Structure formats: structure tokens, C-alpha cells
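Below you'll find the structure, written out as C-alpha cells, and then a few comments.
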Amino acid sequence: MLPKYIWIILFTSTLYVLYSNDKLTCIEKYIKLYYINVRPNTIETADVLTVVPENTRNKKSDDLYDLSTLKKYVNLEDGLYLAILGQVFDVTSGAKHYGPNKSYHAFTGLDGSAAFITGDFTDTGLSDDVSSLTDKQILSLLEWVDFYKKTYLYKGKLIGRYYDKWGNPTAENLIIEHRALLAKEKNIIEEKKKVKFPPCNVEWSPETGTRVWCSKNSGGISRDWIGVPRMLYDNIESKQHRCACIPFESLNDQESREIIQSYGGCIEDAISCNITQDL
């Protein structure tokens, strides 16, 4: 059996080969995902797992900004810069929106990511901390990032919450990616559920109140059946529901019955109902 130090040399050599083929980054990412999913209470540990190659340290592929530098770009003379999730954009061409005394000037010179979703433009609301947002809101925030990439000039990265001093993504950045992926997966599930249980048609009038009804095209989903209006819950424990058109065969399906509830006062097989409950 080979001495222990020989195994260490072999292991180190293997890591070097992997690194030279750009595979170590993948390993690093999976390790971090392990801490996010399996050991969420030790996510701080994942932060120290960022591996920066010796030959790239202190070399910048993008311009890097610290907050004090970014704060200089809040006027038309120096330019108007903002950051969103640590990515810096020059929005000077949109001065009618971002210039001094304009509606979105508060975004310049800082990373106010949370406010893109909350609409809170106070000093507290203009924060780069988006941990309180839902996964779906995180996905919406990334759509804002895409908007800025398409509309304005990308300048570089803001050192701090989402990028380290070498411009590498931090563990918190990885969490954002992961949460956005979860939101996308949930959207796919929701779209499949909408096809299976299409939304009801809804109308309201002062005389009759709210009416819900089903048709072969309700919810914008064309099909060869009509269904009956029911309250459809996200899951067994959820309090959130929507009006959905349920095919008769699903009314007797055990799994579906657990998340379906009738509207009070609505005839069992009626395709149209006047309701008093919240949608």
C-alpha cells in the first residue's frame, strides 16, 4: 500500500488537472449547493469554499467597484451608475428617469436591489439584502437584471454582498441562483396544473356580485371538456386558492379531492355560480 504522502501528492495532482480543465469550478459549485440544501445552517462555511486560482488573483476580467466609488456616479457630469444584485450599469442614457430629481434617481450610486420589488425607496428599503423576498420575487429581480443588460451599458461588479474583491460570485450570489431555479421549477409545475385545472372565467357586477363559470376555453386554455368551478388550493396545508375548472373525473380522484373545495351555494354540477367567498 502506498504511503499516505504519496496519496496526498496524487490527490493534489488530480485537483491541478481538474482545475486546468476548468472543472474545479463545477466541483466548487456542487459543494456549495450541498451546504445550501443539506446543511443550510452552515452556509457561512460555503463562503470560504470559493477557490481563486493563484494566476488570476488580483486580475480583473470586469471593472470592480467598491461602494464609495459607486457613490460618485450620481450626477450627469460623472455619470449615473446603479447596481442590481452586485452588477453595475451605466444608466446615464436614461437620465430622464435616473437623473437628479427624477423618479428613479434614488437607485443611483448604490445597490438597491430589494426596492426593485418592494417599491420602498427609503434609505432602509434601498438595500442589497433580498433575503426576505420570495423565490418568485427573486426570479422577477433577475428579469430586471436582464432588462438592464439589454438596455444599458454593463460596467462591472460591486464588491460586497454578491462579489468578492476578485470579482468572484459569493455564496450569497449562489443562493440567489438556486432560489431562482426553484422559482422556475415551481412555475413549470404551476403551468402544468393550469392545463390540468384551467382558471375560471370571472365577472363582477353591482347587481349580482361575483360570478365564476367554465367553458371550453376558460382561462385561455382550449380543450374538449368544460368542467365545474371549484376552489383549488396550492396544497393540503395552504390557505391560498384560486378558482379552477375541474373535470368531473378529478372530483372523485383522492389526490385531487384533497386540494379541491366546492363554493358554498353552488350546485354540484353547475358550470356557472354566483359566489360570496373570496376568489
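Mapping the sequence shown onto full-length UniProt numbering, position 142 (from 1) lands on 142, and the numbers just tick up by one. For each residue, glycine too, the CB sits at the ideal point set by N, CA and C. Owing to the predicted nature of the structure, the values given are computational and were not obtained by experimental measurement.
Bridge-paired residues (DSSP) for residue i
i: L126; result: Per DSSP, none; premise fails for L126.
i: L76; result: Beta-bridge pairing links L76 to no other residue.
i: T108; result: L82
i: P206; result: Beta-bridge pairing links P206 to no other residue.
i: D135; result: BP columns for D135 are empty, so no partner.
i: C273; result: V212
i: K260; result: What sits at residue 260 in the sequence shown is Ile, not Lys. I260 pairs with L232.
i: G167; result: DSSP output for G167 lists no bridge partner at all.
i: Q64; result: The residue asked about is misnamed: residue 64 is Leu in this sequence, not Gln. Beta-bridge pairing links L64 to K157.
i: D90; result: Y81, L153
i: N201; result: W213
Residue i classed as buried or exposed, judged by whether at least 16 other C-beta atoms fall within 10 angstroms
i: K157; result: buried
i: V38; result: A caution first: V38 carries a pLDDT of 45, below 50, which makes its placement in the model unreliable, though a value can still be read off. Answer is exposed; the Cβ neighbour count stays below 16.
i: D129; result: exposed
i: T124; result: exposed
i: T276; result: exposed
i: R257; result: exposed
i: F116; result: buried
i: F197; result: buried
i: V74; result: buried
i: I267; result: exposed
i: D63; result: exposed
i: residue 294; result: The shown model of the chain, from 1 to 279, leaves out residue 294, and the question about it has no answer.
i: L2; result: Only weak support exists for where L2 lies, its pLDDT of 47 falling under 50; the value from the coordinates is given anyway. So L2 counts as exposed.
i: G119; result: exposed
i: F107; result: buried
i: P218; result: The amino acid occupying residue 218 in the given sequence is Ser; Pro does not appear at that position. S218 should be labelled buried.
Under 8 angstroms between C-beta atoms of residue i and residue j
i: G79; j: T69; result: no
i: M88; j: Y65; result: Checking the sequence, you will find Val at residue 88 rather than Met. The answer is yes: Cβ separation under 8 angstroms.
i: Y152; j: D90; result: yes
i: Y81; j: K184; result: no
i: L85; j: S113; result: yes
i: R230; j: S205; result: no
i: I260; j: N235; result: no
i: P199; j: A270; result: no
i: L126; j: A83; result: no
i: C214; j: V228; result: yes
i: L67; j: A95; result: no
i: I159; j: K150; result: no
i: R242; j: L251; result: no
Proximity test, residue i beta-carbon vs the ligand SAH heavy atom, cut-off 7 angstroms
i: C200; result: Among the components of this structure there are no ligands whatsoever, and the ligand SAH is therefore not found.
Can you confirm whether the region 208-215 touches the region 173-192 when touching is taken to mean that 3 or more C-beta pairs between the two stretches lie within less than 8 angstroms? no
Pairs of beta-carbons, one from the region 220-236 and one from the region 162-173, closer than 8 angstroms: are there three or more? no
Using a Cβ distance threshold of 8 angstroms, determine whether the region 125-141 contacts the region 175-184, with at least three qualifying pairs required. yes
3 or more residues per run - each beta strand (DSSP E) lying fully within the region 211-257: 228-233, 241-246
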